[in-house]
Amino acid sequence: MTREQIPPMELDLGVAAGRVKQRLEQWHEADVLRRLRDQDPSLWVGDDAEISDRLGWMTLPRDAWLGGLDAILAGAAEAAELGIEDTILIGMGGSSLAPLVLERVFKPTRRRLRVVDSTHPDGIRSLVDSLRPQGFQFVVSSKSGTTLETRVMTEVLYHAAERWFSQPGSHFVAITDPDTMLADLAARNDYRRVFSAPSDVGGRFSALSVFGLLPAAMVGIDPERLLRRAAAMEDNCLRGPVSVGLELGAAIGELALHGRDKLTFLTSPGLSALPLWIEQLVAESLGKDGRGVVPVCGEPRGEVEAYGDDRAFVGIGMEGEDEPLGQFLEALSQSGHPTIRITLRDRYDLGAEFFRWETAVAMAAIALEVNPFDQPDVEGAKTEARKLLEGKPIETKVPGLVSAGDKDRLTETLKNWLGWAGEGDYFAILAYLPPSSENDRELAELQRRVRDLTGIAATAAFGPRYLHSTGQLHKGGPNTGVFLQLIQSPQTDFIVPGEETSLGSVITAQADGDAAALAAAGRRLVRVDLEGRGRQGLWMLRQLLSR
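Quick note: the sequence shown uses the numbering used here, first residue 69, plus one each step.
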């Protein structure tokens, strides 16, 4: 492999710099870098055996060359030979976010990647109606093979494919761990290929495995170049002498421990999708045991005065297009905010960033004294959703839905919601709407309005995607979140073949189940039914907030 340079990183941490230096000195005295390289599970709190089974990510940049890359390249070549122009990836969380980021950053034109990570029937209808019965394939991606959303979406889309093809399985590919339910399903339905993933790599640490690299290769992104950049970062992070992974991890951990726990991401335009992947890595790895770091992604830039003293800023820019970003970071730094600046030379440096952030988050977990490789509070929302789908009642009392049609009551409710948050809190807008660029923009503007009205950080995410990302932080992290759940009733629906349910029932149960889990954790929550208004409903909320 050709030796690559890593993207430079500049830390301007102000008064926190001394604490970070002290943390790094402590780690040096404890021989942490060598122990990390040796995959010593005792670095973290938790069960050593379980942690040992989740450390395979540290060798992925090199191990992928030992047969894994060949399989990825062969799969991509086969798809090209079959004339496949559209790859539809069905997956959630760690199985879908890295491919989603790679697609949005690289923007392939000759072959396209579309990620399906929402059970909202209106989004599935839009996808099905856009497909023509040729030139596409489905990639079903799930580490466990049991993920509810992936399972029901696969059943619905396989049923659609049966109407188009005499052998629908030949248009399906699976990525999963060995011996899973998905592997069995692929065998029964004669999927074209099954790609086996490393079992010792957790989902959110799997970007540099077949989960991230195969979908990228399918649309013409070179996985070999991504791995070369990642290998250079691995060499730096695990072998030093100055490990940027340890530096970044120490900074994130110490800033959070001293009140700067709203890690706010700013990017140059071409990298705006990258924080989506970092968001899950940070929130799900660090948000537990009443501690955590709140990643703030997608929030439009404001005036420097708009930000509170619980913020730390990460600017990730592309060389040649980040001058405004650099100027804004400098203004933030001059105002006393800690800043971290990373500059990529080109898009393939994403390979390096995947490894840098994985290392940094693992190290920040040492500082926060949490296990970065589990997600103990994710199961609560799943359990409640399963109860509802089985016709069982939810025992936890949850807030009722406020109708968007009752503007007076909604205005009063929103006013009260804003008033619930105080110093050190954050707002979280949880939107059970079909993911779309239009809804993305409206949610970002809603974030901006909430922040500018209150001076408090605002996050926003689509459900059920966030259940596999920030959901762990919401329930297991500090009780500093003030939640607004938005429901858009589907205009269409799909029966899930072989099951007594529909996609509409699934997404309703997921929203209700998460509301129950939030209420059980004592979180502050308001729920609003947009009554089919969608994007117009988001716009209306923004106007009502200013009353």
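By construction, the Cβ of each residue, glycine as well, lies at the ideal position given by its N, Cα and C atoms.
Handout entry: D190 and T576 closer than 8 Å at C-beta
Key = no
Exercise for the section: Please work out which residues of its chain come closer than 7 Å, Cβ to Cβ, to R261, disregarding the five sequence neighbours upstream and downstream, and give them in chain order. Expected result: G143 and V241
Practice task
Spatial neighbours of D121 within its chain, please: CB distance less than 8 Å, with the 5 preceding and 5 following residues excluded, ordered by chain position.
Solution key: S267 and D268
Exercise for the section: From the DSSP output, in three-state form, read off M77 for me. Expected result: strand
Handout entry: Span of the beta strand (DSSP E), counted from its first residue to its last, around M386
Key = R379 to M386
Practice task
Spell out a yes or no on whether the region 334-347 and the region 81-96 are touching, meaning 3 or more CB-CB pairs, one atom from each, closer than 8 Å.
Solution key: no
Exercise for the section: Taking K330 as part of the beta strand (DSSP E), name the residues at either end of that continuous run. Expected result: K330 to T335
Exercise for the section: Measuring alpha carbon to alpha carbon, tell me which of A132, P283, Q556 and D303 ends up nearest L501. Expected result: Q556
Problem - Residues that A529 bridges to, as DSSP identifies them - result: L498
Practice task
Select from R231, T248 and D197 the residue whose C-alpha is nearest the C-alpha of G213.
Solution key: T248
Exercise for the section: To the nearest angstrom, report how far apart T70 and M301 are at their CA atoms. Expected result: A caution first: T70 carries a pLDDT of 45, below 50, which makes its placement in the model too unreliable to give a value.
Handout entry: CB of G523 within 8 Å of CB of G376, strictly
Key = yes
Practice task
Tell whether a beta-carbon distance below 8 Å holds between V173 and L418.
Solution key: yes
Problem - Simplified DSSP state of S573, which is helix, strand or coil - result: helix
Exercise for the section: Report yes or no: do the region 275-291 and the region 388-399 share at least 3 C-beta pairs separated by less than 8 Å? Expected result: no
Exercise for the section: Would you list the residues sitting across from S471 in a DSSP beta bridge? Expected result: D597
Exercise for the section: Would you kindly work out how many angstroms separate the C-alpha atoms of Q179 and I152, rounded to a whole number? Expected result: The identity of residue 179 in the sequence shown is Arg, whereas the question assumes Gln. Approximately 8 Å between the Cα atoms of the pair.
Practice task
Using 10 angstroms around the beta-carbon of Q611, count the other beta-carbons present and answer buried if the total reaches 16, otherwise exposed.
Solution key: exposed
Problem - Backbone secondary structure at Q235 - three-state DSSP - result: coil
Exercise for the section: Check whether the Cβ atoms of R424 and G531 lie closer than 8 Å to each other. Expected result: no
Exercise for the section: Identify whether V196 lies in helix, strand or coil by the three-state DSSP scheme. Expected result: helix
Practice task
Alpha carbon to alpha carbon, how far is S186 from K483? Give it in angstroms, no decimals.
Solution key: 30 Å
Exercise for the section: State buried or exposed for R231, treating a residue as buried only when at least 16 other CB atoms are found within 10 Å of its CB. Expected result: exposed
Problem - Opening and closing residue of the beta strand (DSSP E) in which I156 lies - result: D154 to I158
Exercise for the section: Look at L325 and A435 and say whether their C-beta atoms are less than 8 Å apart. Expected result: yes
Practice task
From the DSSP output, in three-state form, read off T218 for me.
Solution key: helix
Handout entry: Test item: CB-CB of F273 and E426 under 8 Å
Key = yes
Handout entry: Through-space distance from I346 to A147, alpha-carbon basis
Key = 29 Å
Handout entry: Local conformation of V287 per DSSP, three classes
Key = coil
Exercise for the section: Express the C-alpha separation of L170 and L181 in angstroms, rounding to a whole number. Expected result: 9 Å
Problem - Euclidean distance between Cα positions of E513 and E367 - result: 8 Å
Exercise for the section: Quick one: measure Cβ to Cβ for T481 and V470, integer angstroms, because I've assumed they're closer than 8 Å. Expected result: 5 Å
Handout entry: DSSP-derived helix/strand/coil call for F423
Key = helix
Handout entry: beta strand (DSSP E) segment containing P363, residue limits
Key = V362 to V364
Problem - Limits of the unbroken alpha helix (DSSP H) element including S401 - result: E391 to Q402
Problem - Cα-Cα separation between A472 and G605, rounded to whole angstroms - result: 7 Å
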